[in-house]
Structure formats: structure tokens, C-alpha cells
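For the sequence shown, the residue numbers in my numbering are 1 to 232.
Every residue gets a Cβ at the ideal spot worked out from N, C-alpha and C, and that includes glycine.
All figures in this text were calculated on a predicted structure; none of them were measured in a lab.
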Amino acid sequence: MRKIKPLNLMDNKGFWPEKIAIVDAIREVLTLSECTCSLPVRDYGHYRDPEWRGEENDLLPYRSVDWYVYDALSEKRMQVDCRRILKSFAEEPWRDEKMLGDHYDLFVMQEDMFNGAGAQRDYVVGRARGLTAAVISTHRLETMWGMPYSYLKTEVMRQLCFMFGLPNMDREDVHADENGHYCPNRCILRPAHVAPDDWDRLTEDRLTTGALCGSCLDDLRRFFEQAAAEGD
Ligand SMILES: [Zn+2]
Numbered sequence: 001m002r003k004i005k006p007l008n009l010m011d012n013k014g015f016w017p018e019k020i021a022i023v024d025a026i027r028e029v030l031t032l033s034e035c036t037c038s039l040p041v042r043d044y045g046h047y048r049d050p051e052w053r054g055e056e057n058d059l060l061p062y063r064s065v066d067w068y069v070y071d072a073l074s075e076k077r078m079q080v081d082c083r084r085i086l087k088s089f090a091e092e093p094w095r096d097e098k099m100l101g102d103h104y105d106l107f108v109m110q111e112d113m114f115n116g117a118g119a120q121r122d123y124v125v126g127r128a129r130g131l132t133a134a135v136i137s138t139h140r141l142e143t144m145w146g147m148p149y150s151y152l153k154t155e156v157m158r159q160l161c162f163m164f165g166l167p168n169m170d171r172e173d174v175h176a177d178e179n180g181h182y183c184p185n186r187c188i189l190r191p192a193h194v195a196p197d198d199w200d201r202l203t204e205d206r207l208t209t210g211a212l213c214g215s216c217l218d219d220l221r222r223f224f225e226q227a228a229a230e231g232d
């Protein structure tokens, strides 16, 4: 899979002032990466195909963000199964070269999310699939005493980095669990479980010492160096 390709944004949140945090986060990651290449960003908003419902008013597969959410929703838990929705993004017909072709998807939704059958934790805030897609739930980040803009920016930056394969698994200090692999340093790629507290800490670090530690910054720059060489 290529590394440089369009990044498609989608959300299902309607009018929402914090949305600009997504663009802000993308810009900061690209600035940190020092890449000279362009990553075209396309905003599909609350994506719905002109024909998104069938004759029975049913949601047609892949034709709306409503379908991606509904298809992955556990009615028992009233939470979205993050593995299932990421699988839908990975297998969607739009990836065909005759359609949109290869791209990244970044979807921000209001529904709560969990880690699929057998999940050890009650919820997850964000999850990425390498070089394919990332999904973020704002459900736990929007609290009355929190900073929804800053938390969302932190989480978008995190999931973009995870989607780009950071931190590099060849590093000896990187550790993995059922959810992914993480950096042990003071860095936004540390594990985060308890919302909004952990996002509050990550955001504080991002604002005081910078988003990424030296090792992760190297990983990010290497990713874009390899990406720039793709076209050769
Ligand atoms: Zn790090």
C-alpha cells in the first residue's frame, strides 16, 4: 500500500465547532513530519450517497456514514465495534481503482465505541488500522469540565500516527497489547485508557513538551522520507 494518498474525512456530528481541531491536528502532524509532499485532504462531512437508502428505507451498504455505524453497532451494548467498522473501511468498494482508489479514511463519530467481542475494557476512544483508516469516538471526550477541542486534536494526531505505523515496532522500547503498540516516553503515543483524564494528561504534555518524543519524531520523519521515495 502506498503511503502518500488522499486522506478522506468523515463525521456524523452535524454542526460542531470542534471540527476544525481535525484539520489543525493533520496540519501539525504534517509540519512535524517535515514532509515536502502533499497529502490531499478531502472532507466528505456527513457522507451520504444520493442513493443511500433502499426501497424499504433500509441503509444501503457503504453508501453513508450512517451505514458504517449501524453495521458495526452492538445493540446489546449500544456501542460501535471498532474492529468491525475499521474492517468496513478497509474493504469498502470505494478503494477500487475505478472508484476513489487507495486512500486513508478518518472518521469521527459521536457514538461510543468498544473493542469488539471479548474486549477487556468498557470503551475505546480511537483506533487505527495501518495505512488504511482511523476511527475516533468523541463520546468520552466531550465532558463539561474538559477541553473538547484540545482532546480531539490530541486524539486525531495520535490516530494519524498509529495509522502511519508509529511507533516503529523495531524499536526495543515499544510495547504492544491487545489494542496496538505504544511508546513508553512522554509522548502522545503512550497508552490512554481512561477518558477524559488520560487525554487531559496527553494534551498537557503535547502543549508543554511537544506532541512526540524524539524517537517517535524520528519514526514519523522516516515514514515520510520513505513515502517521498515511493514515486521514484
Ligand atoms: Zn514517543
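First and last residue of the beta strand (DSSP E) that includes residue i?
{"i": "Tyr62", "result": "Neither: Tyr62 is in no beta strand (DSSP E) and is coded neither H nor E."}
{"i": "Ala117", "result": "Where Ala117 is concerned, there is no enclosing beta strand (DSSP E), given that its DSSP letter is neither H nor E."}
{"i": "Val41", "result": "41 to 43"}
{"i": "Gly126", "result": "126 to 129"}
Enumerate in chain order the residues of its own chain whose CB-to-CB distance from residue i is below 8 angstroms, with the five nearest sequence positions on each side excluded.
{"i": "Leu220", "result": "Val29, Leu32, Ser33, Cys161, Phe164, Leu166, Leu212"}
{"i": "Cys37", "result": "Ile4, Phe224, Ala227, Ala228"}
{"i": "Leu152", "result": "Glu18, Ala21, Ile22, Ala25, Val108, Ile136, Thr138, Leu141"}
{"i": "Asp122", "result": "Phe114"}
Name, in chain order, the residues that DSSP records as bridge partners for residue i.
{"i": "Leu74", "result": "Contrary to the premise, residue 74 reads as Ser rather than Leu in this sequence. DSSP, once it has assigned bridges, lists Gln79 as partnering Ser74."}
{"i": "Ser137", "result": "Met109"}
{"i": "Phe15", "result": "Partner(s): none; Phe15 has no beta bridge."}
{"i": "Asp177", "result": "Gly180"}
{"i": "Arg48", "result": "Ser64"}
By Cβ distance, which residues of its chain are closer than 6 angstroms to residue i, with the 5 residues on each side in sequence left out?
{"i": "Gly101", "result": "none"}
{"i": "Asp105", "result": "Asn8, Phe89, Ala133"}
{"i": "Trp94", "result": "Leu100"}
{"i": "Leu131", "result": "Met1"}
{"i": "Asn185", "result": "Cys213"}
{"i": "Val174", "result": "Pro167, His181"}
Between which two residues does the alpha helix (DSSP H) holding residue i run?
{"i": "Met157", "result": "148 to 163"}
{"i": "Asp218", "result": "214 to 229"}
{"i": "Leu7", "result": "Leu7 -> not in any alpha helix (DSSP H); beta strand (DSSP E) instead, spanning 7 to 11."}
{"i": "Val29", "result": "20 to 33"}
{"i": "Asp197", "result": "197 to 209"}
Kindly list the residues whose CB is nearer than 7 angstroms to the CB of residue i, restricted to its own chain and excluding five residues on each side of it in sequence; keep chain order.
{"i": "Trp145", "result": "none"}
{"i": "Ser64", "result": "Tyr47, Arg48, Asp49, Trp52"}
Considering only heavy atoms of ligand 2, does any lie closer than 7 angstroms to the CB of residue i?
{"i": "Ala117", "result": "With respect to small molecules bound, the structure shown includes ligand 1 and not ligand 2."}
For residue i versus residue j, is the C-beta spacing smaller than 8 angstroms?
{"i": "Val108", "j": "Cys82", "result": "no"}
{"i": "Asp66", "j": "Leu59", "result": "yes"}
{"i": "Glu111", "j": "Val69", "result": "yes"}
{"i": "Met113", "j": "Gln79", "result": "yes"}
{"i": "Ile188", "j": "Arg171", "result": "no"}
{"i": "Tyr62", "j": "Met10", "result": "no"}
{"i": "Pro196", "j": "Thr143", "result": "yes"}
{"i": "Arg127", "j": "Leu73", "result": "no"}
Q. Within the structure, which residues are defined as neighbours of ligand 1 by a Cβ-heavy atom distance below 5 angstroms, reported in chain order?
A. What you get when you keep residues with a C-beta closer than 5 angstroms to any heavy atom of ligand 1 is Cys183, Asn185, Cys187, Leu189, Cys213, Cys216.
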